[in-house]
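Undergrad:
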Amino acid sequence: MIEFLDDLKPETEWNETVWSRASEEQLATHTESGRLCVATLLPFKDGQPDWAGFERSVQWMIDCGHAYGIDLAFVLNADTGYIFNLSLDLYEEVLRRFRATFPDTPVIGGVTAVDGHGKPFHADTYRRQLDRLQQFDHTEAMIMTSQPLNALEDEARRDAYFQIAEHITIPALVHALEPAFVPWATPFRPWLLKELAGHEKFVGGKISTLDEPHFLYWAAMCRGEGLDFAPHSGDDYGIASAIKMGLPLLIGAGVSACPLICSAKKLWLEDSYDPRVYKLFEAIQSLEDAVFRLDAKGSAAAYKHSTAVILKLLGLIDSSDIHPDCEDRRLGDEEARMREALIRPLRIAERLGIVNFTLACG
């Protein structure tokens with residue numbers, strides 16, 4: 008088993024390293040708490056962005072963070088914000104409107120390749136959104152993967168990230184995906200993670216994972232080797248893990264379950280520990296398992312529709328419409344499905360006195 012970073016090679020797999028043998032229990036802490044980065048929903052009504060609902064939902068989440076002393080950052084223009092359906096002008100308008108209303112609130116902006124699909128990788132395809140994002144204060148960039156970038160072998164892939172970084176003037180996160188999200192995605196192997204973690208522009212990274220515990224691998228390597236790089240969990244099916252390990256969450260589930268997650272993060276800490284947090288973990292996960300349920304094709308992409316339905320039920324937005332050009336839509340009576348999914352979380356929230364989590368009516 009490989010134990011040292013210098014022994015890693017581009018082709019090294021995680022199961023060849025000691026970091027793949029780490030357990031969550033070994034990394035658990037009751038004294039550290041990572042930030043909650045909410046992959047913010049851009050709501051729609053009658054085919055247009057619902058800016059009033061957008062601001063209400065963000066303020067609701069800010070209030071949740073304040074109620075429990077949790078640091079929040081808002082992830083704009085990522086998958087939950089329909090990044091793949093946004094024009095450059097709308098991409099910038101989301102940022103401009105957010106910053107006008109919330110001038111000092113931390114923002115992480117998604118950045119991906121524009122007009123790069125089906126073409127060889129070129130760093131310029133990332134610079135169009137990056138230029139728009141870097142106009143604003145208090146921002147970080149999340150460099151989202153793309154098919155041309157992901158298709159490269161590991162050494163060329165590292166070099167490609169470094170080429171993108173030449174144009175970055177703000178702190179940045181890298182983003183890796185498992186094939187469970189998109190079929191062409193391949194998560195970082197340990198050598199690539201080590202190389203990216205050593206770059207001064209990349210302060211951390213998000214790993215979106217459903218089938219393999221890559222977040223645990225990242226946590227074990229970064230903590231064990233003292234890397235100045237913060238792993239952010241993108242696992243909406245394993246929310247409790249990041250809380251227990253005191254590491255950041257960067258998830259769409261942060262929208263539909265914001266007050267529950269903020270409460271759980273507080274109740275897990277030593278100074279405010281409450282063993283009922285384990286039941287809260289279960290309630291959060293029961294809700295998000297429904298929100299992020301897989302369709303017949305094995306895709307959870309329609310979670311955006313489910314999230315909009317929940318925000319409507321909570322009285323935060325007026326419509327559960329999704330982006331008119333997005334095909335990620337739930338079939339059937341999604342409102343009835345989400346009402347049922349909310350039964351247990353609402354019961355637990357009432358018993359624990361969790362604020363800001365009640366149905367608007369009925």
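In terms of the working numbering, the sequence shown is residues 8 to 369.
Cβ coordinates follow ideal geometry from the N, Cα and C atoms, glycine included.
Name the residue from Asp96, Ala85, Ile175, Arg42 whose alpha carbon lies nearest to the alpha carbon of Glu207.
TA: Checking every option, the nearest Cα to that of Glu207 belongs to Ile175.
Undergrad: Got a sec, what are the start and stop residues for the alpha helix (DSSP H) Leu156 sits in?
TA: Counting along the chain, the alpha helix (DSSP H) containing Leu156 begins and ends at 154–157.
Undergrad: Below 8 Å, can you find three or more Cβ-Cβ pairs linking the region 21–29 to the region 224–231?
TA: Yes, the region 21–29 touches the region 224–231.
Undergrad: Ends of the alpha helix (DSSP H) at Leu318?
TA: Its alpha helix (DSSP H) spans residues 310–320.
Undergrad: Residue ranges of each beta strand (DSSP E) run of no fewer than 3 residues wholly in the region 123–209, ordered along the chain?
TA: List check, beta strand (DSSP E) in window: 146–150, 179–184.
Undergrad: Name the residue from Glu334, Asp242, Lys304 whose alpha carbon lies nearest to the alpha carbon of Gln292.
TA: With distances taken between Cα atoms, Gln292 lies closest to Asp242.
Undergrad: If Pro238 sits next to Leu217, beta carbons under 8 Å apart, how far is it from one beta carbon to the other, in whole angstroms?
TA: Their Cβ separation, rounded to whole angstroms, is 16 Å, which puts Pro238 and Leu217 out of contact at 8 Å.
Undergrad: Compare the C-alpha of Arg346 against each of Gly305, Ala297, Leu359 and name the closest.
TA: Checked all of Gly305, Ala297, Leu359; the closest Cα to Arg346 is Ala297.
Undergrad: If you check the beta carbons only, do Tyr133 and Ile171 fall under 8 Å apart?
TA: Result yes, Cβ atoms of Tyr133 and Ile171 sit closer than 8 Å.
Undergrad: DSSP beta-bridge partners for Phe81?
TA: In DSSP, Phe81 forms a bridge with Val45, Val114.
Undergrad: Kindly confirm or deny that the region 108–118 and the region 301–317 touch, where touching means at least three C-beta pairs closer than 8 Å.
TA: These segments do not touch.
Undergrad: Going by DSSP in three states, His239 sits in which element: helix, strand or coil?
TA: Of the three classes helix, strand and coil, the one that applies to His239 here is strand, per DSSP.
Undergrad: Does DSSP put Leu12 in a helix, in a strand, or in coil?
TA: Helix at Leu12.
Undergrad: Taking Pro56 as the reference, which of Gly205, Tyr89, Pro197, Leu34 has the closest Cα?
TA: Nearest option by C-alpha distance: Tyr89.
Undergrad: Please classify Phe11 as buried or exposed, where buried requires at least 16 neighbouring CB atoms within 10 angstroms.
TA: It is exposed - the Cβ of Phe11 has fewer than 16 other Cβ atoms within 10 Å.
Undergrad: By DSSP, does Pro352 sit in helix, in strand, or in coil?
TA: The answer is helix: DSSP assigns Pro352 an H, G or I state.
Undergrad: Based on Cα-Cα distance, which residue from Trp198, Tyr244, Thr146, Leu199 lies nearest to Glu219?
TA: Closest option to Glu219, Cα to Cα, is Tyr244.
Undergrad: Spatial neighbours of Glu39 within its chain, please: C-beta separation below 6 Å, excluding the five flanking residues on both sides.
TA: Contacts found: Gly253.
Undergrad: Excluding five sequence neighbours on each side, which residues of the same chain lie with their C-beta closer than 7 Å to the C-beta of His37?
TA: Excluding positions up to five away in sequence, the list reads Trp275, Leu276, Glu277, Tyr280.
Undergrad: Around the C-beta of Ala247, are 16 or more other C-beta atoms found within 10 angstroms, so that it is buried, or is it exposed?
TA: Result: buried.
Undergrad: Just grab the DSSP bridge partners of Pro56 for me.
TA: In DSSP, Pro56 forms a bridge with Phe51.
Undergrad: Between the beta-carbon of Met151 and the beta-carbon of His182, is there less than 8 Å?
TA: Result yes, Cβ atoms of Met151 and His182 sit closer than 8 Å.
Undergrad: Is the Cβ-Cβ distance between Thr314 and Gly259 less than 8 Å?
TA: Going by C-beta atoms, Thr314 is nearer than 8 Å to Gly259.
Undergrad: What distance in whole Å lies between the Cβ atoms of Lys319 and Asp335, which are believed to be in contact at a cut-off of 8 Å?
TA: Incorrect: roughly 17 Å between the Cβ atoms, too far for contact.
Undergrad: Using DSSP bridges, identify the partner residues of Thr24.
TA: Thr24 is bridged to Ile9.
Undergrad: Which of helix, strand or coil does DSSP assign to Lys273?
TA: Correct three-state label for Lys273: helix.
Undergrad: For Ser64, which residues of its own chain have a beta-carbon under 8 Å away from its beta-carbon, when the five flanking residues on both sides are left out?
TA: The answer, listed in chain order, is Thr47, Leu48, Pro50, Val262, Leu318, Leu323, Ile324.
Undergrad: Have a look at Ile177, Trp191, Ala163, Ala187 and flag the residue whose alpha-carbon is nearest the alpha-carbon of Glu202.
TA: Selected option, being the one with the closest Cα: Ala163.
Undergrad: Would you mind working out which of Ala271, Glu99, Gly205, Gly41 sits nearest Tyr75, comparing C-alpha positions?
TA: Checking every option, the nearest Cα to that of Tyr75 belongs to Ala271.
Undergrad: Please work out which residues of its chain come closer than 6 Å, Cβ to Cβ, to Ala187, disregarding the five sequence neighbours upstream and downstream, and give them in chain order.
TA: Leu217, Asp218, listed in sequence order.
Undergrad: What do you reckon, are the CB atoms on Glu173 and Arg139 nearer than 8 Å?
TA: No, Cβ-Cβ distance for Glu173 and Arg139 is not below 8 Å.
Undergrad: Figure out for me which residue from Leu79, Thr19, Phe288 has the closest Cα to the Cα of Gly41.
TA: Minimum Cα distance to Gly41 is reached at Leu79.
Undergrad: Is it buried or exposed for Ser94, if we count other Cβ within 10 angstroms and need 16 for buried?
TA: So Ser94 counts as exposed.
Undergrad: Find out if the Cβ-Cβ distance for the pair Ala356, Leu256 is shorter than 8 Å.
TA: Not a contact, by the Cβ cut-off of 8 Å.
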